[in-house]
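A.B. asks: Handing you this structure, nothing more for now.
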Amino acid sequence: MTEYVSATPGLFPLPDWAKDDLSDLKGHQKHDLVSGDEGEAITAVYGDAREDVIGSQQEAGVDLVVEGQLRWDDMLAHPLAVHDNVDTQGIVRYYDNNNFYRDPVVGGELDFSGDVAGELEAAAELTDDLCAVLPGPYTLAELATDEYYGDDADFLAAVADFLAGELEAFPAHETLFLLEPSLATDAPDDGEDERVSEAVDTVTAATDADVVVQPYWDALEEKVYAHLLDADIDAVGFDFVTEQDQNLYNVQEYGGADSIALGLADGQNTLVEDPEAIRDRAEWVFEQIPVSEFETTYLTTNTETFYLPYSKFEEKLAALGEAADLAEVTTA
Amino acid sequence: MSDTKDQFRPDDHDNDHFLLTTVVGSYPKPKWLNRAKELYQDPDHSFDAEDYQEAKDDAARLITAEHERAGLDVVVDGEMRRNEMVEFFAHRIEGYEFNGPVKVWGHNYFDKPSVVSDVEYTDSWLVDEYEFTAAATDRPVKVPITGPYTLASWSFNEAYEDDAELSYALADLVNEEIEKLVEAGARYIQIDEPALATTPDDHAIVGECLERIVADIPEDVRIGLHVCYGDYSRIYPEILEYPVDEFDLELANGDYDQLDVFKDPEFTADLALGVTDVHVAEVESVEQIEENILKGLEIVPPEQLVVSPDCGVKLLPREVAYGKMANMAEAARNVEAELDAGLEIDRNAPTPADD
């Protein structure tokens, strides 16, 4: 029987008080966004906000606790946006959303930064169930502009090496979510899909944790999915909010990794799912793929949740926490 | 081409040609209006709703007069009473609720509302605003309204099957509001659909919304559609099918690099051309704006051209916003005089490449 684990892909909304405090301390313009060398006052607000969101997850009974990525002003582009050899330029649209980030233009070697490790060190003091979150190598490369490596393949490999270096500095973590929306929305070409699989391997080799690769906003093209399964990962995540048929087809045709992540709660809508409905949807998915078995089933939102007002975000956490408990009871 | 433009020609217009000058809508709020809002929101202060209303009235009068002084043919109150283009309407539509701010970028947030039940029309949204502005000026007044597709796309949809269904329901409400505005005397309505730029594949949904919006609206009422910041090749020429008189397009910001998109097939509606960039806090010279206006004449003949800024100017310093309006009006009059004198522009010829 599969073990149900409630989890999220991170990138939470800031608590409302922190939105206000940070607006005042940082400002509203492009050059006011997080730089990686924030002063004491700003660091303190982020520290308090981090405690809040970790507390919220614990209160909601979410099994895997993320740091929240509250400093990631540039969303999944953050790890590059704060890098010394990266220049943040124009404001560009974040996928098909009414959200924007600074275009990170890579102008030098992507050597070790340690920015994300610093956040996780702080989070690790507050939880024993730490789940790390990073953009997948393909997504991070797609979100950036390369003016140094010159070749798509070299750049992807460099981004993967960079992420691996960051990951090696992380404190102990149980699970790693690698978020790969671009893999679904801007599928790699022939040949490139194979390199993506290698790039993921480069990253996963740097951790002992279970690795979940979560694409979203669409299902993966079948060939991309097949190549992703070649990588040394523990689970693929599926956005069942956006797309059901192609996701089911992929699992039916190609099977899955040892475990599976089901994105069943909508990270972009304030309508809060009933825990029972989430449990039922999970059972429905398994009915459609009867030949597959999974060690662990991660119940998550399909996307990041920074799109939501804070109060609704907390309700989503509670729904996920309870859904995993209900599912455990049903299947036991 | 639409025949709704000439009704806005001023009686004392000097030139034979008439390039209608107007704005998209929003204008920088006077600092004291923001201060008045803070006082009104401060529970410890005696500044009450009536005081705040008076402040908004004063601001509306002031900015309408500022538009007149700049020489605009059709004026707006600068949207002094509106906070944000979705919130303002969501507060007035039954079926919406607010759950708190969400991020747009960096520390810029907006109170993205949720549609939690069927949307319904109760009280008028803009008739008071229109009547006040119309009484404050002798010039014609344009009414900008956030379009149903944008109202739907920039809300959380908890109640409708999909965003298309929600858009159509909202379009019916916009139609009801325009009927009330027309009853009150409005003759120039602009539907703002910035969300179309983010999801151009949905242009058919916007088209269906517009059909609902204009249903039973008299033909002499001028309906414009404002779209900004997008890849226009993904919506042109499909948008020519829309039942509107005018398209108001942001083009100065991209230095007219998308101009050729509109040359083939022929642009059959009126074009409200963005001739000043609202993201540059420097006032373009009259000569520069004249050059920009001539770009519009590469697409449509003078009878179909309207002159306007790229977008709302509310984020500019007020004196810069005023400078742009004034130079724009002067430039339009200069180009009209040149046209009267016989200037001809070769239309629909592709722009030669720079290299």
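Residue numbers (my numbering), protein chains in the order written: chain A, -13 to 318; chain B, 29 to 383. All C-beta atoms, glycine included, are put in the ideal place defined by N, C-alpha and C.
At a CB distance below 8 Å, what residues from the stretch 8 to 22 of chain A approach chain B? Give them in sequence order.
C.D. replies: So the close ones are L8, S9, K12, G13, H14, Q15, K16, D18, L19.
A.B. asks: Tell me the rounded alpha-carbon separation between V189/A and P123/A.
C.D. replies: Taking the straight line from one Cα to the other gives about 8 Å.
A.B. asks: Indicate whether A170/A and L206/A have their beta-carbon atoms separated by less than 9 Å.
C.D. replies: Taking 9 Å as the Cβ cut-off, A170/A and L206/A qualify as a contacting pair.
A.B. asks: Assuming the contact rule is C-beta atoms closer than 8 Å, E269/A and E(-11)/A should be a hit. Round their C-beta distance to whole Å, please.
C.D. replies: The Cβ separation is near 15 Å, so there is no contact.
A.B. asks: So with CB distances below 8 Å, who are the chain B contacts of S345/A?
C.D. replies: Nothing about residue 345/A can be read from this structure; chain A reaches only from -13 to 318.
A.B. asks: Are three or more beta carbon pairs between the stretch 271 to 288 of chain A and the stretch 208 to 223 of chain A nearer than 8 Å?
C.D. replies: Cβ pair count under 8 Å is three or more, so yes.
A.B. asks: Per DSSP, which residues does D73/A bridge with? Please list them.
C.D. replies: Paired residue(s): V91/A.
A.B. asks: Cβ of E300/A within 9 Å of Cβ of Q55/A?
C.D. replies: Not in contact: E300/A and Q55/A (Cβ atoms no closer than 9 Å).
A.B. asks: Less than 6 Å between C-beta atoms, sequence neighbours within five positions excluded: which residues of the same chain meet that for P174/A?
C.D. replies: Within the same chain, P174/A has close Cβ partners V182.
A.B. asks: List the residues of chain A that G419/B touches, going by C-beta distances under 9 Å, in chain order.
C.D. replies: Nothing about residue 419/B can be read from this structure; chain B reaches only from 29 to 383.
A.B. asks: List the residues of chain B that N84/A touches, going by C-beta distances under 8 Å, in chain order.
C.D. replies: Near N84/A (Cβ distances below 8 Å), the residues of chain B are V132, S181, W182, A223, T226.
A.B. asks: Should M353/B be labelled buried (16 or more other beta-carbon atoms within 10 Å of its own) or exposed?
C.D. replies: Buried is the call here.
A.B. asks: At a Cβ threshold of 9 Å, is N62/B touching chain A?
C.D. replies: Not an interface residue.
A.B. asks: Going by Cα to Cα distance, which pick from D34/B, L301/B, I245/B is closest to G213/B?
C.D. replies: Of the candidates D34/B, L301/B, I245/B, the one whose C-alpha sits nearest the C-alpha of G213/B is I245/B.
A.B. asks: Per the DSSP calculation, F280/A is bridged to which residue(s)?
C.D. replies: Per DSSP, none; premise fails for F280/A.
A.B. asks: May I ask you to report which of helix, strand or coil DSSP gives P121/A?
C.D. replies: It is a strand residue.
A.B. asks: Note down, one range per segment and in chain order, each beta strand (DSSP E) of at least 3 residues found wholly within the stretch 225 to 277 of chain B.
C.D. replies: Runs found: 250 to 255, 274 to 277.
A.B. asks: With a threshold of 16 other CB atoms inside 10 Å of the CB of D383/B, please say whether the residue is buried or exposed.
C.D. replies: Any reading at D383/B needs caution, since the residue's pLDDT is 48, under 50, leaving its predicted position unreliable; the model's value is listed next. Label assigned to D383/B: exposed.
A.B. asks: Can you check which of these residues, A197/B, H135/B, I241/B, is closest to I173/B by C-alpha distance?
C.D. replies: Residue I241/B is the option with its Cα nearest to I173/B.
A.B. asks: Just the Cα atoms here: how many angstroms apart are W58/A and Q286/B?
C.D. replies: So the two alpha carbons sit approximately 33 Å from each other.
A.B. asks: Looking only at its own chain, which residues have a Cβ that is under 7 Å from the Cβ of V51/A, when we skip the five neighbours before and after it?
C.D. replies: Taken in chain order, the residues that qualify are I40, Q43, Q44, T113, D115, L116, C117.
A.B. asks: To the nearest angstrom, how far is the alpha carbon of W203/A from that of K33/B?
C.D. replies: For W203/A and K33/B, the distance between alpha carbons rounds to 44 Å.
A.B. asks: Just grab the DSSP bridge partners of Q218/B for me.
C.D. replies: According to DSSP, which records beta bridges pairwise, Q218/B is partnered with P172/B, G252/B.
A.B. asks: Can you tell me where the alpha helix (DSSP H) holding S9/A begins and where it ends?
C.D. replies: Segment 2 to 12, the alpha helix (DSSP H) holding S9/A.
A.B. asks: How do the stretch 366 to 375 of chain B and the stretch 321 to 331 of chain B stand: do at least 3 beta-carbon pairs fall below 8 Å, yes or no?
C.D. replies: Taking 8 Å as the limit for Cβ pairs, the verdict is that the stretch 321 to 331 of chain B does touch the stretch 366 to 375 of chain B.
A.B. asks: Would the C-beta of P265/B count as close to the ligand GTP, meaning under 8 Å from any of its heavy atoms?
C.D. replies: The ligand GTP is not among the ligands present in this structure, which contains no ligands whatsoever.
A.B. asks: At the level of alpha carbons, what is the spacing between Y68/B and A83/B?
C.D. replies: Approximately 10 Å, taken between the alpha carbons.
A.B. asks: Specify the secondary structure class of P330/B as computed by DSSP and reduced to three states.
C.D. replies: Here P330/B sits in helix by DSSP.
A.B. asks: Are the CB atoms of G302/B and D276/B within a distance shorter than 9 Å?
C.D. replies: Contact flag set, yes.
A.B. asks: Which runs of the beta strand (DSSP E) at least 3 residues long sit entirely within the stretch 147 to 225 of chain A? Give them in chain order.
C.D. replies: Correct list: 161 to 165, 196 to 200, 221 to 225.
A.B. asks: On the three-state DSSP scale, how would you describe T161/B?
C.D. replies: Helix.
A.B. asks: Compare the beta carbon distance of D139/B and E115/B with 9 Å and say whether it is the shorter of the two.
C.D. replies: Taking 9 Å as the Cβ cut-off, D139/B and E115/B qualify as a contacting pair.
A.B. asks: Please tell me whether V145/A and L96/A are closer than 9 Å, where the distance is taken between their beta carbons.
C.D. replies: Closer than 9 Å, so yes.
A.B. asks: If you reduce the DSSP assignment to three classes, tell me which class L371/B lands in.
C.D. replies: Three-state DSSP puts L371/B in coil, outside helix and strand.
A.B. asks: Using the Cα positions of E278/B and A300/B, report the straight-line distance between them to the nearest angstrom.
C.D. replies: Going from the Cα of E278/B to the Cα of A300/B covers about 9 Å.
A.B. asks: Return the first residue and the last residue of the alpha helix (DSSP H) that L376/B is part of.
C.D. replies: Note on identity: in this sequence residue 376/B is Asn, with Leu being the wrong assignment. N376/B -> no alpha helix (DSSP H), and no H or E assigned at all.
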